[in-house]
Structures are given as C-alpha cells and as structure tokens.
Amino acid sequence: MKILILGSNGQLGTALCNMFENRNMQFCGVDLPEFDITNEQNLVDVIDQQNPEVIINACAYTNVKAAEDDFAEVALINGICLKKLVDICNKKDIYFCHISTDYVFDGNKNSPYCEEDTTNPVNCYGFSKELGEKIVRNYSYDYVIIRTAALYGKSKIHSENVIDKIIQVAKKYNAISLVDDEYTSPTFAEDLANQIYIILENKVRGIVHATSEGECNWYEFGQFIFQALNMKATIKKVKSREFSGLLKKLHYSVLDNARLKSLNINVMPNWKVSLKKYLEDHYKI
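Numbering of the sequence shown is given in my numbering, commencing with residue 27 and proceeding in unit increments.
This is the structure:
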C-alpha cells in the first residue's frame with residue numbers, strides 16, 4: 027500500500043509520517059510551501075509523480091475564529107478544491123481518506139453524535155468542512171471520511187497545540203480562564219494516526235467517527251493537566267460567550283465511534299489515558 031499524505035507538516039500529518047515510518051511502509055508526505063492543495067497543476071504533478079494507492083487529506087484551514095472573516099479562502103481550502111482531488115482519485119482508482127471534524131454539527135445534542143446524525147454547522151469553519159464532505163460523498167467512487175475532534179500533538183513545524191498554550195499561559199500568569207460549557211473528546215494525533223492505519227487496512231468506506239473515548243469540558247481538561255504536572259495555577263471557570271464573542275461555538279460536540287465499534291476495530295483510548303501519555307512523553311512527568 028503506497029500512501030500519499032497531503033498536509034504532512036501538521037499535527038496529524040506529522041503523526042502519520044512517524045507511524046508509517048515506524049511500520050516501514052511506503053509513503054510520501056507533502057505540504058506548504060512546496061505543495062499547495064488549491065493549485066490544481068501542483069496537485070496533478072504531485073499525484074502523477076508519487077502514483078499512490080491511497081491519499082490521506084490532512085490539509086485544512088483550521089483557524090475557526092479567522093475563518094469568519096476569510097470565508098472565501100477557508101471554503102476553497104476545506105471544500106471547493108476537493109472536487110479536483112476527487113476527480114483525480116476517481117480517474118486513477120485511488121482510495122481517498124479525507125479528515126473532517128465535529129464542527130459539521132451544531133452542538134445542540136445532549137448525547138454523542140453518531141455518523142448518521144444530520145449535519146448542521148453554525149460557523150464558517152463548520153460550513154466549509156461540511157462542503158468538503160458533501161463534495162467527497164457526491165463525487166468520490168472510493169472514499170472514507172474520518173471525523174475527529176479537538177486534535178492535539180506535535181508537528182514538524184513546531185506549532186503550539188492547545189496543551190502547550192494552556193501550560194504556557196498558566197506558567198506566565200499562574201492563572202488561566204477555561205470554558206466549562208463546551209464538551210468534546212480531546213484526541214491525541216498519535217492515537218488517530220494508528221486508528222487511520224487500521225481503517226485503511228480494513229478498507230472502510232463511508233463516514234466514520236474517530237475520537238478519544240470519554241468526554242470533558244476545557245475546564246476539566248485543564249484540571250487534569252495541572253494535576254498531572256503538579257502545577258498550582260488557578261483555573262477560573264468562564265462561559266464560551268466570554269471568549270468567543272459573536273463566534274458561534276459548539277456546546278456539545280462529542281462524537282460516538284459507532285461504526286468503528288460495530289466493525290470491532292475501535293482502538294481509540296480514553297482521553298485521560300492519552301493525555302497522560304502525551305504529558306509523560308513531552309513534559310517528563
């Protein structure tokens with residue numbers, strides 16, 4: 027299985043490259059500045075050169091707040107440009123794996139979303155990701171869409187993730203404000219990469235959810251980090267509207283890995299297990 031990873035420098039792309047390398051698998055990763063998913067000729071050239079059997083699209087515009095003022099760009103990257111990519115995959119019989127998000131839902135449920143639930147995004151980022159899903163579903167002959175949530179991990183470009191930001195703010199000010207009315211399932215990129223490998227091995231098609239098991243709000247997430255690191259910083263509970271302003275956020279976006287469980291291939295750990303591992307590996311607890 028020869029694999030091409032689009033967006034290989036991000037948190038998930040980095041985890042995928044490391045995982046495939048450790049498994050001695052044949053793969054290639056591409057990303058900015060050499061690769062631009064919105065450049066059709068660039069896309070054609072890279073795929074012709076690599077001739078993969080599988081393409082994993084981990085490219086995305088993920089700045090939820092900035093997307094509100096940049097919808098043309100976010101819609102192009104997360105949605106419109108996928109039509110050309112899907113057409114190429116169809117022509118070359120390439121199995122297409124597209125990474126999506128919990129933000130395609132509205133966050134109004136009180137129980138975890140399963141794959142069959144109706145999408146209803148509430149902000150520009152969510153609309154753009156839903157657009158991408160619709161293009162893949164309507165035009166691809168051979169695909170899997172993997173929805174995940176609250177992803178964290180290390181990246182080749184050394185960008186900060188949510189954990190690093192929480193720790194840095196707490197160390198600087200000895201205090202931090204975290205929302206207690208947004209519930210999700212924080213997901214470790216290394217876990218997701220391993221789950222993607224299993225999905226590809228089993229040639230799963232359609233839509234699947236793949237997040238850590240369990241759920242928490244960001245206040246509880248911060249509490250776990252500080253307890254694990256024995257940090258004495260004060261956490262102030264705040265509401266989403268105090269941080270987000272006019273930006274609509276999801277109050278409950280927990281995903282149920284229902285299809286993975288039904289296929290008996292769900293290997294996603296509980297979020298606490300994964301967060302502890304990340305802290306042990308990167309903060310030497």
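Glycine residues also receive a C-beta, built at the ideal position from the N, C-alpha and C atoms.
When beta bridges are read from the DSSP output, residue 56 appears opposite 32. With a minimum length of 3 residues, the unbroken runs of beta strand (DSSP E) contained wholly in the segment 38-86 fall at 53-56, 80-83.
Counted as a single uninterrupted DSSP element, the stretch harbouring residue 148 is not any alpha helix (DSSP H), since DSSP gives it neither H nor E. Contact annotation: residue 248 and residue 261 have beta-carbon atoms nearer than 7 Å.
By the Cβ rule, the segment 141-159 does not count as touching the segment 186-203, because fewer than three pairs are nearer than 8 Å. Closest in C-alpha terms to residue 255, from the list 101, 71, 183, 305, comes 305.
By DSSP's assignment, residue 174 forms a beta bridge with 127. Taking a cut-off of 8 Å on C-beta distances, the segment 295-310 does not touch the segment 223-233, as fewer than three cross pairs fall below it. Annotation for residue 159: 126, 171 place their beta carbon closer than 6 Å to its own, counting only its chain and skipping 5 residues before and after.
Secondary structure note for residue 248: it is in no beta strand (DSSP E), and the uninterrupted alpha helix (DSSP H) holding it is 244-254.
Contact fails between the segment 292-303 and the segment 137-146, because fewer than three Cβ pairs, one in each stretch, are under 8 Å apart. Inclusion of residue 55 and residue 43 in the CB contact set at 7 Å is warranted, their separation being smaller than that value. If you draw a straight line from the Cα of residue 70 to the Cα of residue 58, it comes to about 16 Å. Beta-bridge partners of residue 309 (DSSP): none assigned. Per DSSP, residue 109 is one residue of the alpha helix (DSSP H) stretching across 108-118. Pairwise C-beta distances place the segment 204-221 in contact with the segment 271-284, as three or more of them are shorter than 8 Å. Counting C-beta atoms within 10 angstroms of its own C-beta, residue 199 has fewer than 16 neighbours from the protein chains shown and is therefore classed as exposed. Here the segment 209-218 lies against the segment 166-180, with 3 or more beta-carbon pairs under 8 Å apart.
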